[in-house]
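Going down the list, the protein sequences come from chains A and B.
Mind the numbering: the first sequence is residues 24 to 136 in the working numbering, read in order.
Mind the numbering: the second sequence is residues 24 to 136 in the working numbering, read in order.
Backbone N, C-alpha and C define an ideal beta-carbon position, used for all residues, glycine too.
Values in this document were obtained by computation on a predicted structure and should not be read as measured data.
There are 2 protein chains.
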Amino acid sequence: MSSKEKYLGEFEQFLLLSILSLGDDAYGTTIRQLLADKIERDVTIGALYTTLERLEKKGFVESKMGEATRERGGRAKKYFKVSASGEQALKRSKQALNTMWQDVTLRGEHSCE
Amino acid sequence: MSSKEKYLGEFEQFLLLSILSLGDDAYGTTIRQLLADKIERDVTIGALYTTLERLEKKGFVESKMGEATRERGGRAKKYFKVSASGEQALKRSKQALNTMWQDVTLRGEHSCE
DNA sequence: TTATATAAACTACAATGTAGAATATATTAA
DNA sequence: TTAATATATTCTACATTGTAGTTTATATAA
Chain A
24 MSSKEKYLGE FEQFLLLSIL SLGDDAYGTT IRQLLADKIE RDVTIGALYT TLERLEKKGF
84 VESKMGEATR ERGGRAKKYF KVSASGEQAL KRSKQALNTM WQDVTLRGEH SCE
Chain B
24 MSSKEKYLGE FEQFLLLSIL SLGDDAYGTT IRQLLADKIE RDVTIGALYT TLERLEKKGF
84 VESKMGEATR ERGGRAKKYF KVSASGEQAL KRSKQALNTM WQDVTLRGEH SCE
């Protein structure tokens, strides 16, 4: 019982990837929007923040508060970025999945290329 | 609220992929072994069957009982195979993840090739 | 000073992940 | 023939992750 490195859940992976994609503009609303646009996954904003908070507790993301948007008022944004260990975890998950897919071909699919 | 196609959890994906890899020899012990060998994921056999059963309930795998092993006795094996809708679900999960990875590059990684 | 827009925090529950003990069933040895 | 042992599944319980919905905070404009 040594390396008890927990795997990321799938939704956690999606959030980390969203944040990486968004760069300096990753906060609740933009993340939610990206998920909807890219993979048609419509989650409530509450679902999002809950998972984001858990990721932060595990040290996979870091956050800092920004100022309220100048456009039309409102509460301050909370910007997220993926930590080094978050990237690590992401890489591990990707590799595991790649390994598992390695010698699998689905019906009506071509293995590669 | 139309297409309520649930995503597969990550562990569910691993099990489906294991079964596909194992072909005609996919049952509790071999699946568990494959997971340990390929991705160093050591799950208890109980964890495995629980998830397998849930996958079956959702129609993503099918099972049939085999005969007891001739080698040295013991209980009959339960063989699993992935259903067409299981493959579908797997494909969807893969695509979603691919899409999310699309424009992400990790530190110290080369994007492709 | 209230309406409205923007965004985050809180609360609660459902689904998935995981372990460990209990049970079933076949073979082999005494 | 029955106790020991090997192989394999089923059952029970709990932890973690996924998800929704409501509430609260805070800024601007009317």
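- The beta-bridge partner set that DSSP reports for Met-88/B consists of Lys-101/B.
- Taken atom to atom, the span from the alpha-carbon of Glu-110/B to that of Arg-130/A is near 8 Å.
- For Phe-37/A, the closest Cβ of chain B is nearer than 8 Å.
- In its chain, beyond the 5 residues on either side, Leu-57 have a beta carbon closer than 7 Å to the beta carbon of Ser-44/A.
- In terms of Cβ geometry, Ile-54/B and Ala-119/A do not form a close pair [threshold 8 Å].
- Under a criterion of Cβ atoms nearer than 7 Å, no residue of chain B is adjacent to Ser-108/A; the nearest Cβ is some 12 Å distant.
- If you draw a straight line from the Cα of Lys-117/A to the Cα of Thr-74/B, it comes to about 21 Å.
- By the C-beta criterion, the region 101–108 of chain B is judged to be in contact with the region 75–85 of chain B, since at least 3 inter-stretch pairs fall below 8 Å.
- Taking 8 Å as the cut-off, the Cβ atoms of Glu-132/B and Tyr-30/A do not count as close.
- Put simply, the backbone Cα of Gly-96/A is about 51 Å away from that of Leu-71/B.
- Neighbours of Arg-130/B in chain A, taken as residues at a C-beta separation under 9 Å, are given in chain order as Ala-107, Glu-110.
- Around the beta carbon of Glu-35/B, 16 or more other beta carbons sit within 10 angstroms, so the residue counts as buried.
- At the C-beta level, Trp-124/B and Leu-38/A stay beyond 8 Å of one another.
- DSSP places Arg-64/B outside any alpha helix (DSSP H), giving it a letter other than H or E.
- Bounds of the alpha helix (DSSP H) holding Gln-36/A are 33–45.
- When secondary structure is reduced to three states using DSSP, Ser-116/B falls in the helix class.
- Take Ala-99/A, set aside five residues on each side of it, and the residues of its chain with a beta-carbon closer than 8 Å to its own are Met-88, Gly-89, Glu-90, Ala-91, in chain order.
- The C-alpha of Arg-64/B is placed about 28 Å away from the C-alpha of Arg-64/A.
- The beta carbon of Val-66/B sits closer than 7 Å to the beta carbons of Arg-55, Leu-58 from its chain, once the five residues preceding and following it are set aside; these are given in chain order.
- Ranked by Cα distance from Asp-48/A, the options Leu-113/A, Lys-101/A, Ala-112/A are led by Lys-101/A.
- The beta carbon of Tyr-50/B sits closer than 8 Å to the beta carbons of Gly-89, Lys-100, Lys-101, Tyr-102, Phe-103 from its chain, once the five residues preceding and following it are set aside; these are given in chain order.
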